[in-house]
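Q: Counted the way our numbering counts, the sequence shown spans residues 425 to 493. Ideal placement from N, C-alpha and C gives every residue a C-beta, glycine not left out. Before I ask anything, here is the structure I am working with.
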Amino acid sequence: MKRYMPLILIGVILFVAGGDKVFPGAVGKVSTQTRTYVNNFLIGRFPSWKPKINPYGRTERELQETEQK
């Protein structure tokens, strides 16, 4: 079984990556649904990052002050 695991893993990756283009009908639909589920799962693992500081804040304030003059 250990010898076949890399082949199985490669097969699963290929199926998810391009199965909807290769296999017709229901099998292609399963590939698309699996890819969508994996994408959403991975996106959910990494929430959006927000910096603690506003790097453009000073520039924006200067522009507003210039426009008001």
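1) Does the distance from the CB of residue 449 to the CB of residue 443 come in under 9 Å?
2) In angstroms, rounded to a whole number, what distance separates the CA positions of residue 425 and residue 432?
3) Is residue 470 helix, strand or coil by DSSP?
4) Can you tell me whether residue 427 is helix, strand or coil according to DSSP?
5) Please state if the CB of residue 439 and the CB of residue 455 are separated by a distance shorter than 9 Å.
A: If we stick to the structure as given:
1) no
2) 10 Å
3) Secondary structure of residue 470 (DSSP, three-state): coil.
4) coil
5) yes
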